[in-house]
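**Q** Attaching a single structure in structure tokens format; questions to follow.
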Amino acid sequence: MTPCFLASVLRGQVQGFLTGAFGSPDDFAKDDYRRFSPRFQGENFQRNLELVDQVKSMAADKGVKPAQLALAWVLAQGEDLIPIPGTKHRTYLEENIAAVDIELSQADLARLNALFPPDAAAGMRYPEAVMTMVNI
């Protein structure tokens, strides 16, 4: 089987959410692209933040970082999926690498799968004009 490379783990939900740095769209810099992303506006922002809160709670129960839990979940999907997380700091890189050692139970996997079906993220991935350019 040919591996499927994922450009970003849970990209629609993540994009800064798992760090806990953003509690409101007002927390984004004035020139931050997320100010224009439907997933980071109004009710969509709040709904997606609720999903991330579930991940944070589950990660805390396991004694890991939310991003590590997300990576471990993708790794547990099978050898044909390879997450490619982005990072700006060495510390985060080390945390990402440590995700390979996280063991998820069947109950953990079932909970994450239930929380994040393919259509879990509220709002379109990109603004409508951009969506027409990516053929989605």
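FYI, the numbering for the sequence shown is 1 to 136, going by the UniProt record's numbering.
No residue lacks a Cβ here, since even glycine has one placed at the ideal position from N, Cα and C.
1. Going by beta-carbon coordinates alone, are L104 and A72 separated by less than 8 angstroms?
2. Spatial neighbours of G123 within its chain, please: CB distance less than 6 angstroms, with the 5 preceding and 5 following residues excluded, ordered by chain position.
3. In this structure, how does DSSP classify E103 when only helix, strand and coil are distinguished?
4. Looking only at its chain, what residues have a beta carbon closer than 8 angstroms to the beta carbon of M131, apart from the 5 residues adjacent to it on each side?
5. Cβ atoms of A21 and Q68: under 8 angstroms apart, would you say?
6. Using the Cα positions of D26 and L75, report the straight-line distance between them to the nearest angstrom.
7. Using a 10 Å radius around the Cβ and a threshold of 16 neighbouring Cβ atoms, would you call P127 buried or exposed?
8. Should P117 go down as buried or exposed, given a rule of 16 or more other Cβ atoms within 10 Å for buried?
9. Taking the alpha carbon of I102 as the reference point, which residue from K62, V55, K30, T91 has its own alpha carbon closest?
10. Measuring alpha carbon to alpha carbon, tell me which of Y33, K88, F17 ends up nearest Q46.
11. On the three-state DSSP scale, how would you describe P38?
12. Tell me the DSSP secondary structure of Y33 in three-state form.
13. Going by CA-CA distance only, name the one from A59, G23, M133 that's closest to L109.
14. With a threshold of 16 other CB atoms inside 10 Å of the CB of N96, please say whether the residue is buried or exposed.
**A** A quick look at the data gives this:
1. yes
2. P38, R39, N44
3. coil
4. So the list reads M124, R125, once near-sequence residues are dropped.
5. No. Outside cutoff.
6. 33 angstroms
7. exposed
8. exposed
9. K62
10. F17
11. Assigned with DSSP and collapsed to three states, P38 falls in helix.
12. helix
13. A59
14. buried
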